[in-house]
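Q:
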Amino acid sequence: MRIFKSRVTRAITVAAATALIVTGCSSERDTTEGKGKDGAKDTFVFGGAGDPGSLDPALASDGETFRVTRQAFEALLEHEPGGSELVGGLAEKWDSNDEGTVWTFNLRKGVKFHDGEAFNAEAVCANYDHWFNWTGTYQSSAVSYYWQTIMGGFAKNEDKDAPKANYKSCTAKDENTAVIEVNKASANLPGGFSLQALAIHSPKALKAYEKEEASAKGDAITYPKYSQQAGTVAGTGPYKITKWNKGNKEVQLERFDDYWGKKAGVKNLVFRTIDTEEGRRSALQAGDIDGYDLVSPADVKTLEKAGFQVPTREVFNIFYLGFSQEKNKALQNKDVRAAIAHAIDKDNLVKTQLPEGGVAATQFIPDTVEGYSDKVEKYDYDPAKAKSLLKKAGEEKLKVEFCYPTEVSRPYMPSPGDLFELMKSDLEKIGITVTPKPAKWAPDYIDATEAGGCELHLLGWTGDFNDAYNFIGTWFAEYDKQWGFKDKKVFEAMEEASKEVDHAKRVKLYERANEVVMDYLPGVPVSSSPPAIAFAKDVNPPLVSPLTQENFAEVTFK
Amino acid sequence: MPLLSVDELSITFTGRGRRDVRAVDGVSFDVDQGQVVGLVGESGCGKSVTSLALMGLLPKKGVKLGGRAEYDGKDLLTLSSNAMRDMRGKHLAMIFQDPLSSLNPVIPVGLQVTEILERHRGMKGAAARKEAADLLDRVGIPDPTRRLKEYPHQLSGGMRQRALIAMAVACAPRMLIADEPTTALDVTIQAQILELLKELVDQQGTALLMITHDLGVVAGLCDQVNVLYAGKAVESAGRRELFAQPTHPYAHGLLGSIPRLDAPRGEPLRPIRGSINDRIDWADGCAFAPRCDHYTLECLSGTPQLTEPVGAGHGVRCVNPVLTGVEVKTLGVPAEQAVDAAAATAPAEPAEPKIPAQAGPEADGKAETDEGDAAPEAEPEAEKKKDAS
Amino acid sequence: MLRFVVRRLLQLIPTLLGLSVLLFIWLNRLPGGPASAILGEKATEAEVARINRALGLDQPVYVQYGRFIKRLIEGDLGTSTQTGQPVMDEFLLRFPATVELSLMAIVLAVAVGVPLGYFAAKRRGGWLDVAAVSSSLIGICIPVFFLAFMLRTVFSVNLGWFPSYGRLTTGINATEVTGLAVLDGLLTGEFDATWDALSHLILPAIALASIPVAVIVRMTRASVLEVLGEDYVRTAESKGLRKGVVRTRHVLRNALLPVITSVGLLTGSLLSGAVLTESVFTFGGIGSFIRTAIDGRDYPVLVGFIMFIAMAYVLINLLVDLAYSLIDPRVRVH
Amino acid sequence: MSTKTDKIDRLAELTAQQESSSGASLWREALKRLRASKMALVGAWIIAVFLLLAIIGPWVAPYAPGQQWRGEVFVNRAEFVGARAENWFGLDHLGRDIFSRMLVGARQTLLLGVVSTLIGLSVGALIGSFSGACATLGGRVGQRIDSVVMRCIDIMLALPSLLLAVSVAAVLGQSMTTVMIAIGVVQIPVFARLLRGAMLVQGGSDYVLAAHSLGIRKRRIVLTQIMPNSLSPVIVQATLSLATAIIEAAALSFLGLGNPDSAKNPEWGVMLTQAQNYADSAPMMAVYPALAIIITALGFTLLGEAMREALDPKLRG
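Protein chains in written order, with our numbering: chain A, 1 to 558; chain B, 1001 to 1389; chain C, 2001 to 2334; chain D, 3001 to 3317.
(1) Is there at least one Cβ from chain C nearer than 7 Å to D:T3301's Cβ?
(2) Opposite A:K440 in the DSSP bridges: which residues?
(3) Please name the residue, chosen from D:F3080, D:G3043, D:I3153, D:V3049, that lies closest to D:G3132 on a Cα-to-Cα basis.
(4) Verify the CB distance criterion: does A:Y479 have a CB-CB separation below 7 Å to chain C?
(5) Taking the straight line between their C-alpha atoms, what separation do you get for C:R2008 and C:L2318?
(6) Should A:Y479 go down as buried or exposed, given a rule of 16 or more other Cβ atoms within 10 Å for buried?
(7) For chain D, check one thing: does any of its Cβ atoms lie closer than 7 Å to the Cβ of A:S425?
(8) Please name the residue in C:M2150, C:V2301, C:L2180 whose C-alpha comes closest to that of C:W2195.
(9) What's the call for C:A2111, buried or exposed, on a 16-neighbour Cβ count within 10 Å?
(10) Anything in chain D within Cβ reach of A:D418, meaning under 7 Å, just list it in chain order.
(11) So with Cβ pairs under 7 Å, would you call D:S3241 a contact of chain A?
(12) In chain order, which continuous runs of the alpha helix (DSSP H) of length 4 or greater are located wholly inside the region 334-394 of chain A?
(13) List the residues of chain A that D:Y3278 touches, going by C-beta distances under 7 Å, in chain order.
(14) When you compare the CB positions of A:R70 and A:Q196, do they come within less than 7 Å of one another, or not?
(15) Leaving out five residues before and five after A:N268 in sequence, what residues of the same chain have Cβ atoms less than 8 Å from its Cβ?
(16) Just confirm the distance between the C-beta atoms of D:A3044 and D:L3303, as a whole number of angstroms; I'd bet it's less than 8 Å.
(17) Hey, is D:P3260's beta-carbon within less than 7 Å of any beta-carbon in chain A?
(18) Helix or strand or just coil, what does DSSP make of A:H79?
(19) If I follow the unbroken beta strand (DSSP E) through B:N1226, where does it start and stop?
(20) What does D:S3281 reach in chain F if we use C-beta pairs closer than 8 Å?
(21) Measuring straight from C-alpha to C-alpha, what distance separates B:I1280 and B:A1083?
(22) Taking DSSP as the reference, what is the three-state secondary structure of A:F316?
(23) What separation, rounded to the nearest whole angstrom, lies between the Cα atoms of D:L3257 and D:I3183?
(24) Applying the 10 Å Cβ sphere with the 16-neighbour rule, what's the burial state of C:W2127?
(25) Under the three-state reduction of DSSP, which class applies to A:I289: helix, strand or coil?
(26) With a Cβ-Cβ cutoff of 7 Å, do A:E495 and A:S373 count as a contact?
(27) Check the Cβ-Cβ distances between C:S2264 and every residue of chain B, and say whether any is below 7 Å.
(28) Which ranges would you report for the beta strand (DSSP E) in the region 38-108 of chain A if only whole runs of at least 3 residues count?
(29) Assign B:E1368 to one of two classes, buried (16 or more other C-beta atoms within 10 Å of its C-beta) or exposed (fewer than that).
(30) Just the C-alpha distance for A:V434 and D:K3264, rounded to the nearest angstrom, thanks.
(31) In three-state DSSP terms, what is D:G3269?
(32) Which residue's Cα is closest to the Cα of B:T1145: B:L1117, B:P1321, B:L1242, B:V1109?
(33) Chain A beta carbons: is any one of them nearer than 7 Å to that of D:G3256?
(34) Would a check of beta-carbon distances place A:N470 closer than 7 Å to chain C?
(35) Rounded to whole angstroms, what is the Cα-Cα separation between D:G3095 and A:I430?
(36) Using a 10 Å radius around the Cβ and a threshold of 16 neighbouring Cβ atoms, would you call A:E99 buried or exposed?
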């Protein structure tokens, strides 16, 4: 005992002393970090903005989770690297019947799951059936949001408010052909098959999942244990998840050597959470991480100047100023809405507040999405016209409440408070009195906007896949409290487009729908802007994706 | 050659933005082996400061020392602080006024005794503890081994003072300074402590510098007495001489203000007027003049010199000395007897001719000190816990 | 002694009950609800209703309070709306990091504050005193998060001496024993982990220590000044004891008594500071967790944290009292 | 119990003692000492300048705080406009004049400090004097009540002030008023303890006993004797609270709970928080508000501490 004690004491002293010396020496620290035996850097550390919610993407609906799981799980379809076109993923080819209800997938051969299981049609069906047969808390839309969006409800809906199931069946026609049937054609297909939430897990892992139950206890939903630690989950991706160290806020992944495609460029991939923008920037500058997402637009120039790489993504989101017509009756007048649209100096917003590559928007989808129309009515910046429109409407002393979220940075609006300030001063210029209504993003702000409690509000959307319905369909297909209007022309245009199965025809109908929507002007689409992403100097970065679906297996060190 | 020879000691406090204050202004006295010398005066007269200066316990900053204080041929005032550290406790030891606050409350008494043995006598562990127990036993603390383990707050007031004395005599110092060692104690205990001190002086031949305002203590213990007023010795004499014929009006007044049992009923006390704050600068004349019944214009012409108007070895600093002795007629007894009476009563029957201010001992250090408002009626000897410094 | 402890612990019960009522009322007064916090942008009314039903939020208030209390007694602080994990588990997971950081900060504060306070008092009015007092005053006046921010910019981004965030460098997989990374490294002999953890700790600890240092400097200074004027110090000097003995045994030992109390009870300000520093340095402790809970309105976590602190406060208080009675013989617990 | 409480209690004790012993002269004494203190002098100067700015700031500010320079000078995101003739401190991230915003912010900051301190003071005084009155005059039941109240107050002291603020903000929504209330709430236990302490000391003091023995009603004693005499510790604490309020406000902004309407009513804490996002490209944007906060808080702290020292003989030499 005594010997032990004194040895420990001595060790403490020695270690503390050395530590102080070593940490005092900067070069020492940099060289010892993340190197393999041969001295080459073999760990790529990426700074995320938030902790993932679970390691099972099927339970998630947020980008921070998907960024991690995407490296380990693959869906039937994927998007082309650096673009938004659908391409084969685990399915090499896919097809549907004319009604869009039967989807046939020709699966890739020689694919292995991380746990050694083989990938085949039965595995695919096991996944879809697993989700379809979810019970209990899994049926909560907090857990299975994407499944419900794409496939509707479950085999046995436990809640009468749950959507009706659209998923019918999945059959393994042969080893490499899976057929998925749905009840009704949907605009969300085939795009939905590419969602990370519907990525394919190993059947062995699925069996293990089924032994556990998510539970709702107290005020929140408890995620099942398997999704909270590495070990059980297994996909087919180029990396496998080896450790989730929540205390250190990091998820560690390791190259999967049996990957069917090109093997990952760096052996270890680590996602570490750094909650603040300036924290991530500092970490990159200090050399503690090799890249991070959601770069503050203000930092892009300084980072580039210092030699960091800040590749520009294509835009795939939309940021808009919403009107709640029921909350403020004046907004029911199109002239008032148009006046506001003419008052907003979009170019200034884009130039001063949004990252490089941002563009002013003319409609509620970015120009990268099929269905974008050049013929929509554009409400150009024109304060004089805005004023005269107000006068025409007899609303020269218009007063509006303007909601904006605080302490949040969304991919489409890096700093809402500042965007609000600029718009507010725009509106004041044409004589509108603006009352600021700031609120915390969740739940306060979301609640208020959803309930139509905000006369003017700032929101946006990042597309899940390349289909215009994924944008405008969520807002203008039917009466929505957030917008508080009923307009037959708009609703009909949407309905028509969503029902069309033929792709080319549907795109045309979307263009038309966009024109109708912009003619009605339910809100002001402001901008589309790519969230900036930055990498260290010695990194060959992956192709950046408009859907923020970067594949980190492409990364290598210079 | 005397053991300690203080020559024209002066102590000045200097402070930024403040006027210099000369607390002690040319005090001289000698202490021989085995002799008990008293420094007497009311609070603020400089007696405690003198003792601290001799011990080298005054802060270096803001204090200017003048004159010499030779102990065994070494000038204590110029000794380096390390040399002084070696002297203290070993050659010179001091007993303080308030035994409770003078003992470290969170350390057992034993350690406070052994630490000095360790420092100066190189004793360690059990040997030191045994010696400490012997010391406590010697100063009359019963059950010393148990007491060693106790903390100061567990001891009674008298025992604490005994413990302090034990520490002081632990290294058999040749010179002991006692600063009001009995002030904070109950009267019965006071006598015992004085008795103890007397014994120690007698047995070990230690020289004792007794600092007190208590004339009873002086009468009972001291061989030689120096009466201090406003930083200067105003009268310096042997005990008997002083009590027989207090010549300086201040000393005269001090003795005269002792209430006596044998005084007739209704006889008023005769306190000295005013307080020590009513003083003039020694440079301008006699500092006591404003309170003096005998003062003349002559008193204000420069510092009075120490003369010997009533006999050799009896110095008086006054131009109008009182040559009549303590007013014998009011005392009703001859002067010579008065001394004996005071001496006899002090240790033995302490309740009797005490100075009024001592009736209630100040038990702890928290008592208020309001030096400023001592009314003329107040007893001039009302010694406060803290000396003006 | 034991009775004292038991009594103090019993006193905890009414306090916590009262606190729980307050917290419950507070929770019920809150606008919005967990449902929309869970669902985010995608919430629809029907879904919110479904979640509320699932969580039992549609039941009467007293039923909800009953459940609230029952769960508290079971040590169940609810489930975090952000992470979907039990609040208790989240705390336990992150507690060691905050303990480690706080300990480091306190050690730093004591190591710097006590000597500084002591010498400031010894050389009262000298340059050291002026420097110590004024820097401690300034230390209190710098917003903690700003200090943390400056430290990171200077020592991590510009000089590159210390890591800018986190607890451990990736790739250093220390074996967990106690959860305190520095200690674990020492216990398992993984010294690289120890100094990696230490280097991550230093900047946040300095930031977190800024207020405790200021408090300790001033407490020590005032206390030493008081003790220096005490008679027993003069007694010790009169015994000719060596300087070191006087300083440690007689001055510091007594002067540090009130400082010890204050160190024990800096909990509140330490935890406040931890929320700020940890979130600047993304240090994976309770502090940064609370920060995200504040951002995400994770009420179960906030409520749990308040209960947790109240308990910690009472317990630390108790420990300090016990420690005090051991150090100061005048204080005896009955 | 804690350092905080220790200091508060000591302050209460001291001033109460002084009041009761010889009233006005001790005030004068303290004032004299205060005047000699360099700390107080520096503090007073800082406060004087701050007050001046707070009063005249919004009038002398060259531009409206919300006015934005557009196009011609503030383009291309990261390029900030630094100090120049028209804009002494340069432009912020929205192209607004930082100098004007600092000036207007001085008043906001003062307002915030004063109002929140008043909230803390009034509620704290109510609780503290109630508790103190119970303890001194209420017999055994009163003492029980007092001990319960004080335990709650102690726990409130222990809770991180930020959490209290978050709780308040959560219920009341986010606004300048919320910030003031939140910071005020944090001060409540401090003042409650202070007043209770003062009352307890005075409750046992001679003049209260004398008043009591003269048959003066208890309530009257509290109102006429004890309350007025607790004034000086309150003044000291209020000065220190102003400093705390300014710093707390900054911390609240950092956590996103600051004043949301910062365009027209800029407040230094919010300015500092916003500036941190641009620390890399425009560091001066953070430096101005940070220095302003630190210096102002320092001013109040210096004066408060000097006052405390002047009142406390133990801290004197």
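Here a beta-carbon is modelled for each residue, glycine too, at the ideal position from N, C-alpha and C.
A: Let's see:
(1) yes
(2) A:T406
(3) D:I3153
(4) no
(5) 7 Å
(6) exposed
(7) yes
(8) C:L2180
(9) exposed
(10) H3093, L3094
(11) Taking Cβ atoms only, chain A never reaches closer than 7 Å to D:S3241, which makes this a no.
(12) 334-343, 346-353, 383-393
(13) A298, listed in chain order.
(14) yes
(15) Result list for A:N268: G34, D42, T43, F44, Q252, L253, E254, R255, in chain order.
(16) 6 Å
(17) yes
(18) A:H79 falls in the strand class under three-state DSSP.
(19) 1224-1229
(20) Looking for chain F here will not work: the only protein chains present are A, B, C and D.
(21) Their Cα atoms are separated by approximately 38 Å.
(22) coil
(23) 11 Å
(24) It is exposed - the Cβ of C:W2127 has fewer than 16 other Cβ atoms within 10 Å.
(25) coil
(26) Going by C-beta atoms, A:E495 is not nearer than 7 Å to A:S373.
(27) First, the residue type needs correcting, since residue 2264 of chain C is Gly and not Ser in the sequence shown. No, because no Cβ of chain B sits closer than 7 Å to the Cβ of C:G2264.
(28) 43-48, 77-79, 86-88, 91-96, 102-107
(29) The pLDDT assigned to B:E1368 is 36, lower than 50, so where the model puts this residue is not dependable, and the model offers no usable value.
(30) 12 Å
(31) helix
(32) Ranking the options by Cα distance to B:T1145, first place goes to B:V1109.
(33) yes
(34) no
(35) 20 Å
(36) exposed
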